[in-house]
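S.K.: Starting off with a structure, shown below.
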Amino acid sequence: DDRIFRKAPPIVYDWSREQMTASFNRREAFRQADCLESLAQSIGVPGNVLANTVAAFNASVAEGRDGMGRRHLPAPITRPPFYAIRQQGGSLSSTVGVAVNEKLQVMRPDGAPIPGLYAAGEILGSGQLQGNAFVGGMMVMPCIVFGRLLGERLVEF
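The opening position of the sequence shown corresponds to residue 9 in my numbering, with each subsequent residue numbered one higher.
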């Protein structure tokens, strides 16, 4: 709501509050409306779902605790205009990928190699290379190694 929007720091890095305000309803990911029903419609969410979510949040604020574990509960959502900013995650690498043999030939489900089809790098998935944790840069060495191995196999081909 407007009170939270004015009180909180800008959510988009290096944007002023004025830049954010100017973006609402002009950019697909930024929506503003005078009532929750209109906001729900503009973001493609059923009105009752948004109303129930806001009611649950407001109850959490009133109780001072949140069932989702949030500790920052600045104020209830009550004062228009209301805002929505689309958030979405992304993945730079997958832990799963295609199956290959020791020659980097792509394998059929029955375990037979597909003639002439090789794979290397991120298409193999990174799960077998990184264990239980990931640190930026961990896919650099596999890139080098798989590039060399694939080059050696292609010379044989």
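For glycine and all other residues, C-beta sits at the position ideal for the given N, C-alpha and C.
Computed from a prediction, not measured in an experiment: that's the story for all the values here.
Using the three-state DSSP reduction, which class does Phe38 fall into: helix, strand or coil?
M.R.: Mapped onto the sequence shown, residue 38 falls at position 30. Looking at Phe38 - three-state DSSP - the assignment turns out to be strand.
S.K.: List the endpoints of the continuous beta strand (DSSP E) containing Pro121.
M.R.: By one-based count along the sequence shown, residue 121 stands at place 113. Pro121 to Tyr126 is the extent of the beta strand (DSSP E) around Pro121.
S.K.: Ignoring anything shorter than 4 residues or poking outside the segment 12 to 79, list the alpha helix (DSSP H) runs there in chain order.
M.R.: 25 to 31, 44 to 51 and 55 to 71
S.K.: Just confirm the distance between the C-beta atoms of Leu132 and Val108, as a whole number of angstroms; I'd bet it's less than 8 Å.
M.R.: To locate residue 132, count along the sequence shown from 1; it is residue 124. To locate residue 108, count along the sequence shown from 1; it is residue 100. The Cβ separation is near 6 Å, so the contact holds.
S.K.: Could you tell me the distance, in whole angstroms, from the CA atom of Ala64 to the CA atom of Pro89?
M.R.: The residue you call residue 64 lines up with position 56 of the sequence shown. The residue you call residue 89 lines up with position 81 of the sequence shown. Their Cα atoms are separated by approximately 19 Å.
S.K.: Assuming Phe142 is part of the alpha helix (DSSP H), what are its boundary residues?
M.R.: Along the sequence shown, read from residue 1 onward, the residue named residue 142 stands at position 134. Element bounds for Phe142: n/a, residue is neither H nor E.
S.K.: Can you list, in chain order, the residues of its chain whose CB lies under 8 Å from that of Ala48, leaving out five sequence neighbours each side?
M.R.: The residue labelled residue 48 in the question sits at position 40 within the sequence shown. Counting only Cβ-Cβ distances below 8 Å, and skipping sequence neighbours, we find Pro54, Gly55, Val57, Leu58 and Ala59.
S.K.: Taking 7 Å as the limit between beta carbons, can you name the residues of its chain near Phe32, skipping five residues before and five after?
M.R.: Translated into positions along the sequence shown, residue 32 becomes position 24. Same-chain partners within the cutoff: Phe38, Arg39, Gln40 and Tyr91.
S.K.: Apply the 10 Å Cβ neighbour rule to Ile122 and answer buried if 16 or more other Cβ atoms are within range, or exposed otherwise.
M.R.: As a first step, residue 122 is located in the sequence shown; it is residue number 114 there, counting from the start. That one is exposed.
S.K.: Taking DSSP as the reference, what is the three-state secondary structure of Val1?
M.R.: Residue 1 lies beyond the range of the chain shown here (9 to 165); nothing can be said about it.
S.K.: Can you tell me whether DSSP reads Val163 as helix, strand or coil?
M.R.: For the purposes of this step, residue 163 is identified with residue 155 of the sequence shown, where counting begins at 1. The three-state secondary structure of Val163, taken from DSSP, is helix.
S.K.: Can you name the start and end residues of the beta strand (DSSP E) that Ala92 belongs to?
M.R.: Position 84 of the sequence shown, counted from the first residue, corresponds to residue 92. Segment Phe90 to Ile93, the beta strand (DSSP E) holding Ala92.
S.K.: As a quick exercise: from Val153, Ile85, Thr61 and Met115, pick the residue whose alpha carbon is nearest that of Gly75.
M.R.: Taking the first residue of the sequence shown as position 1, residue 75 is located at position 67. Nearest of Val153, Ile85, Thr61 and Met115 to Gly75, Cα basis: Thr61.
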